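Colleague:
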Amino acid sequence: MQTDLLIFDCDGVLINSEPIASRTLAKALRDAGADVTAEEVLIRFTGNSGSAIRKICIEEYGIEDLEAVFAAWHLDIFPEFARTLEVMPGMDRLVRSLPHQKCVASNSSTERLSKSLGLLDLWHAFAPSIFSADQVARPKPAPDLFHFCAERFSVDPAKCVVIDDSAHGITGARAAGMSAIGFVDPADPRPGRARILKEAGAVLVATGAGELEKALASLQATQAVEV
Ligand SMILES: [Mg+2]
45 MQTDLLIFDC DGVLINSEPI ASRTLAKALR DAGADVTAEE VLIRFTGNSG SAIRKICIEE
105 YGIEDLEAVF AAWHLDIFPE FARTLEVMPG MDRLVRSLPH QKCVASNSST ERLSKSLGLL
165 DLWHAFAPSI FSADQVARPK PAPDLFHFCA ERFSVDPAKC VVIDDSAHGI TGARAAGMSA
225 IGFVDPADPR PGRARILKEA GAVLVATGAG ELEKALASLQ ATQAVEV
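Here the sequence shown stands for residues 45 to 271, numbered as in the working numbering.
Next up, the structure:
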């Protein structure tokens, strides 16, 4: 068996957007009266879709005027992306060196993708194959977006490898019948990420682009032995 398609998550894998998203969302929540820090937002919200984030805001932080909070957040987050967003260290070189077909599968909205990854040159390594949960019925952890990617490329899900930094992404990949590599940002302050991603079903976990390169190579070698 060989890998016919590599499916990359965007936030926290290709770009260092999570700290920026958490910082700006925490500010919007605090301005609406919630008692929350950027680190708490990073831990609680990272890897969730827009609809899941809205639910948490209402149920756990008692936000009443959700639209006002999101409008304030978006006023802040997109200029902040334009000012400080960067590619995950080493990822630009790695992505361009991989000979495989590849795409992006993100729980972020198409608007957020174009205003984050779209600001960076790395966008062109994937375009037009940059897919959002907006394009399917259910976001990750459902398998819908991963099936959508496989269908777009007319490949067997069993020959797809997903690289994702959230348990939701790994769970969705496994549900879609794909192999999954867990990715950990070396700068992520959350403890136990490797264990969480392994428990969600990741076959390997890589911390940083260097380890990801080795993980992809070892997965290819394992698959070659299986043949
Ligand atoms: Mg992510």
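Just so it is clear, CB atoms sit at the ideal spot from N, CA and C, and this is done for glycine as well.
Computed from a predicted structure; not experimentally measured.
Does the region 214–223 come close enough to the region 232–250 to have 3 or more Cβ pairs within less than 8 Å?
Modeller: Touching, per the Cβ criterion.
Colleague: Measuring from the CB of Asp208, is there a heavy atom of ligand 1 at a distance below 7 Å?
Modeller: It does: the Cβ of Asp208 is within 7 Å (strictly closer) of some heavy atom of ligand 1.
Colleague: Find out if the Cβ-Cβ distance for the pair Cys54, Leu142 is shorter than 8 Å.
Modeller: No, the pair does not count as a contact, with Cβ atoms beyond the cut-off.
Colleague: Cβ atoms of Val148 and Thr47: under 8 Å apart, would you say?
Modeller: Not in contact: Thr47 and Val148 (Cβ atoms no closer than 8 Å).
Colleague: When the distance is taken between beta carbons, is Lys159 closer than 8 Å to Phe114?
Modeller: No, they are not a contact pair.
Colleague: Quick check on DSSP: helix, strand or coil for Val271?
Modeller: Its pLDDT being 47, under 50, Val271 is placed unreliably by the model, and nothing is read from it.
Colleague: Would you say the region 216–228 touches the region 188–203, given that touching needs at least three Cβ pairs under 8 Å?
Modeller: Taking 8 Å as the limit for Cβ pairs, the verdict is that the region 188–203 does touch the region 216–228.
Colleague: Taking buried to mean at least 16 other C-beta atoms within 10 Å of its own C-beta, is Val271 buried or exposed?
Modeller: Low confidence applies here, because Val271 scores a pLDDT of 47, under 50, leaving its location unreliable and the question unanswered by this model.
Colleague: Along the chain, where does the beta strand (DSSP E) containing Leu149 start, and where does it finish?
Modeller: In the sequence under discussion, the amino acid at residue 149 is Ala, which differs from the Leu named in the question. Start and end: Lys146 to Ser150.
Colleague: In chain order, what residues of the same chain lie with their CB nearer than 6 Å to the CB of Ser173, ignoring the 5 residues before and after it?
Modeller: Counting only Cβ-Cβ distances below 6 Å, and skipping sequence neighbours, we find Cys147.
Colleague: Just to confirm, does Val57 get its C-beta within under 7 Å of one of the non-hydrogen atoms of ligand 3?
Modeller: With respect to small molecules bound, the structure shown includes ligand 1 and not ligand 3.
Colleague: Comparing C-alpha positions only, which one of Phe192, Gly106 and Ile59 sits nearest to Asp178?
Modeller: Of Phe192, Gly106 and Ile59, the residue nearest in Cα terms is Phe192.
Colleague: Rounded to a whole number of angstroms, what is the C-alpha to C-alpha distance between Asp109 and Ala65?
Modeller: So the two alpha carbons sit approximately 19 Å from each other.
Colleague: Tell me whether Asp53, by its Cβ, gets closer than 7 Å to a heavy atom of ligand 1.
Modeller: Yes; taking the cut-off as 7 Å, the Cβ of Asp53 has a heavy atom of ligand 1 nearer than that.
Colleague: What are the start and end residues of each continuous beta strand (DSSP E) run of 3 or more residues lying completely inside the region 188–225, in chain order?
Modeller: Within the region 188–225, the complete beta strand (DSSP E) runs of at least 3 residues are 204–208.
Colleague: Okay, do the region 66–73 and the region 116–130 touch, 3+ Cβ pairs below 8 Å being the bar?
Modeller: The region 66–73, when compared against the region 116–130, does touch it at the 8 Å Cβ threshold.
Colleague: Is Gly91 near ligand 1, going by C-beta to nearest heavy atom under 7 Å?
Modeller: At least one heavy atom of ligand 1 is nearer than 7 Å to the Cβ of Gly91, so yes.
Colleague: Cα-Cα, which of Pro233, Asp165, Phe227 and Ser152 is closest to Pro63?
Modeller: Comparing Cα-Cα distances from Pro63 to each of Pro233, Asp165, Phe227 and Ser152, the minimum goes to Pro233.
Colleague: Measuring alpha carbon to alpha carbon, tell me which of Asp229, Ala238, Arg182 and Phe125 ends up nearest Gly94.
Modeller: It is Arg182 whose Cα lies nearest to the Cα of Gly94.
Colleague: Decide if Asp188 is buried, meaning its Cβ has at least 16 other Cβ atoms within 10 Å, or exposed.
Modeller: Looking at its Cβ environment, which holds 16 or more other Cβ atoms inside 10 Å, Asp188 is buried.
Colleague: Can you tell me whether Arg35 is buried or exposed, with buried defined as 16 or more other CB within 10 angstroms of its CB?
Modeller: This structure cannot speak to residue 35, because the chain is shown only from 45 to 271.
Colleague: Can you have a look at Gly56 and say buried or exposed, based on whether 16 or more other CB atoms are within 10 angstroms of its CB?
Modeller: Gly56 is buried by the Cβ-count criterion.
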